[in-house]
Each structure stands twice: as C-alpha cells, then as structure tokens.
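Student:
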Amino acid sequence: MPLTNINEDDAQIPNVIHEDWQADVNDYSFFGQNWQDYNPYPEEQTVPSQGRPGQYEDETVTVFVDPLDTIEDDMVRNSITSLRAWGQGPVLAAMKGLGIFEVNDQETADQVVNWLGENYNNIFDGVYDSVIFPR
87 MPLTNINEDD AQIPNVIHED WQADVNDYSF FGQNWQDYNP YPEEQTVPSQ
137 GRPGQYEDET VTVFVDPLDT IEDDMVRNSI TSLRAWGQGP VLAAMKGLGI
187 FEVNDQETAD QVVNWLGENY NNIFDGVYDS VIFPR
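The following block contains the structure:
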C-alpha cells in the first residue's frame with residue numbers, strides 16, 4: 087500500500103556516500119594513527135558504593151573512554167575533534183578528493199574541513215551538482 091500525504095522535504099533519506107567517494111579507512115592516517123584509534127570505546131569501571139543507602143557493594147558500570155582525553159597536544163586534539171564532527175565517511179571522501187593520505191598538521195586538517203564545507207553535498211548518492219570525481 088503506497089504512503090500518501092508525505093512531504094518530500096520531511097522524508098528521511100539516508101546519506102549514503104557515492105561509491106566513487108568511498109575509501110578504505112586503513113589507507114588513511116591521522117597523526118600517525120588510524121581513524122579507529124580515536125574512537126571512544128566502552129570500558130567497565132568499578133565504582134565504590136561510598137555508603138549509598140541500601141548499597142554495600144561496589145558497582146560495575148560501563149563508561150565510554152575518549153582517547154582524545156589523553157592527548158596533551160592541543161593541535162592534535164583540536165584537529166581530530168574538527169574532523170570527527172564531519173564523520174569518518176565524509177572525511178575519507180574529502181581526503182580522497184584532495185589526494186592526501188595523511189593528516190599530520192593543522193594546515194592539512196583545515197584543508198580537509200574546508201573541502202568538506204564546499205563539497206559535502208556532492209559526495210552522497212543522487213545529490214550531485216557539478217561533479218568533481220576523486221582522483
């Protein structure tokens with residue numbers, strides 16, 4: 087049964103990166119590490135009861151640990167944070183479009199972010215304006 091009364095502007099269409107822009111995450115590095123190395127990860131931690139009423143044993147909780155919290159270099163932390171805001175797929179598409187395989191400084195990170203600001207909508211399936219395919 088077809089759906090009716092759907093406003094196309096309100097329809098949720100998944101953003102799938104066009105195959106021409108998809109890239110293997112393992113081909114790219116960020117300050118000498120892979121993208122995955124900067125992803126937050128779950129870790130179980132034991133929290134002491136601290137005398138809470140009705141609770142006498144320590145409690146195990148799962149928290150997410152952000153590897154950026156241990157990085158002391160502000161430039162690295164800020165660069166990775168900026169790239170993370172765009173997401174892995176778009177960042178790799180930008181790097182592919184720029185023909186770069188490593189981000190090791192603020193200038194290169196800014197280049198990727200600027201490219202995304204100008205080309206973001208062109209990397210998804212069915213959203214091409216004037217297409218500049220990756221090199």
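Position in the sequence shown (first residue = 1) + 86 = our numbering. The C-beta atom is built at its ideal place from N, Cα and C for all residues, glycine as well. Computed from a prediction, not measured in an experiment: that's the story for all the values here.
How about A195 and A109: are their beta carbons less than 9 angstroms apart?
Tutor: Numbered from 1 along the sequence shown, position 109 holds the residue referred to as residue 195. Numbered from 1 along the sequence shown, position 23 holds the residue referred to as residue 109. Taking 9 angstroms as the Cβ cut-off, A195 and A109 do not qualify as a contacting pair.
Student: Check each candidate in V133, V151, L154, N190 and name the one with the smallest Cα separation from D144.
Tutor: Here residue 144 refers to the residue found at position 58 of the sequence shown. Nearest C-alpha to D144: V133.
Student: For the beta strand (DSSP E) that contains T167, what are its first and last residues?
Tutor: Position 81 of the sequence shown, counted from the start, is the residue given in the question as residue 167. Not the beta strand (DSSP E): T167 falls in the alpha helix (DSSP H), residues 160 to 172.
Student: Spatial neighbours of N91 within its chain, please: CB distance less than 7 angstroms, with the 5 preceding and 5 following residues excluded, ordered by chain position.
Tutor: On the sequence shown, residue 91 is found 5 positions in, with the first residue counted as 1. For N91, the predicted structure reports a pLDDT of 42, less than 50, and the residue's modelled location is therefore unreliable. A value from the coordinates is still provided. For N91, where only same-chain residues beyond five positions count, there are no Cβ hits under 7 angstroms.
Student: Would you check if the distance between the CB atom of V102 and the CB atom of D211 is smaller than 9 angstroms?
Tutor: Counting from one through the sequence shown, the residue named residue 102 turns up at place 16. Counting from one through the sequence shown, the residue named residue 211 turns up at place 125. Yes, Cβ-Cβ distance for V102 and D211 is below 9 angstroms.
Student: What residue range is occupied by the uninterrupted beta strand (DSSP E) comprising E193?
Tutor: Looking up residue 193 in the sequence shown gives position 107. No beta strand (DSSP E) holds E193; the alpha helix (DSSP H) holding it covers 192 to 205.
Student: Beta carbon of P128, beta carbon of P153: below 9 angstroms?
Tutor: The sequence position of residue 128 within the sequence shown is 42, counting from 1. The sequence position of residue 153 within the sequence shown is 67, counting from 1. The answer is no: Cβ separation not under 9 angstroms.
Student: Sort out for me which residues DSSP pairs P128 with in a bridge.
Tutor: Along the sequence shown, one-based indexing puts residue 128 at 42. F150.
Student: Do you know whose CA, among W107, E105, W121, lies nearest R224's CA?
Tutor: Any question about residue 224 goes unanswered here, given that the chain covers just 87 to 221.
Student: Could you please give me the residues that DSSP links to S115 through a beta bridge?
Tutor: The residue labelled residue 115 in the question sits at position 29 within the sequence shown. The partner list for S115 (beta bridge, DSSP) reads E188.
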